[in-house]
Amino acid sequence: MYFAAYFSLITKTWDYLAYQGMIFTAASFAACYWWLPETPRFLYSKRRFEETQEVLQRMLEMNRKQTGTRYVFEKSLREEKEQLD
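If you're matching positions, the sequence shown starts at 38 in my numbering and goes up one per residue.
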């Protein structure tokens with residue numbers, strides 16, 4: 038909201054204000070696109086198990102939790118591999 042008020046003081050017409058808003062939105066989206074990881078569900082469905090475990094581990098560390106879910110993940114991974122064989 039403050040950005041809109043600030044840019045409205047700088048620009049003379051609403052066209053430039055709209056362009057500045059689009060640029061700000063596109064830059065925010067681009068930054069988040071490369072910064073945010075894929076979801077564990079997506080990685081697991083694509084059978085990228087090591088990356089899934091890394092993302093889950095990072096999530097645990099960010100939430101200051103213990104690494105107790107490693108066993109659950111490895112157990113489900115083992116069952117998944119047995120079903121494929």
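Here a beta-carbon is modelled for each residue, glycine too, at the ideal position from N, C-alpha and C.
When we look at the beta-carbon of Leu73 and count the other beta-carbons within 10 Å, is it buried (16 or more) or exposed?
exposed
Since Phe79 contacts Leu114 with CB under 8 Å, what's their CB separation in whole angstroms?
With 8 Å as the limit, Phe79 and Leu114 do not qualify as a contact, their Cβ atoms being about 16 Å apart.
Per-residue burial, Tyr81 [other beta carbons within 10 Å of its own, 16 or more giving buried]
buried
Minimum length 4: unbroken alpha helix (DSSP H) runs contained in the stretch 50-84:
51-72 and 77-82
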